[in-house]
Amino acid sequence: MSHQSTSQKGFAAIAAIFLIVVLAALGGFMLTFSNAQHTTSAQDTQGTRAYWAAMAGLEWGMSSVVAGAISCPAP
Numbered sequence: 001m002s003h004q005s006t007s008q009k010g011f012a013a014i015a016a017i018f019l020i021v022v023l024a025a026l027g028g029f030m031l032t033f034s035n036a037q038h039t040t041s042a043q044d045t046q047g048t049r050a051y052w053a054a055m056a057g058l059e060w061g062m063s064s065v066v067a068g069a070i071s072c073p074a075p
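Take the sequence shown: its position 8, counting from 1, is numbered 8 in this note's numbering, and each next residue is one higher.
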């Protein structure tokens with residue numbers, strides 16, 4: 001019976017190591033996925049800021065032309 005107990009302990013150790021490796025791999029995947037999500041979110045925010053900065057520039061330019069503050073030279 002001691003032989004069976006030793007083999008059971010060996011299987012439990014192997015199963016525990018396998019479980020730790022699987023959980024570590026899952027944690028690594030989650031970190032990679034989270035980093036990708038963070039990068040995508042930051043790029044989306046920068047794109048939105050660039051869009052609204054361009055729109056503000058266009059609005060300013062149009063209002064300056066309409067107000068007569070900026071004149072176009074004759075060709």
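Glycine included, every Cβ here is placed at the ideal spot set by N, Cα and C.
Ala50 has its alpha-carbon roughly 18 angstroms from the corresponding atom of His38.
Between the alpha carbons of Val22 and Ser34 lies a distance of about 18 angstroms. Per DSSP, reduced to three states, the secondary structure at Gly57 is helical. A direct Cα-to-Cα measurement between Phe11 and Gly27 gives close to 24 angstroms.
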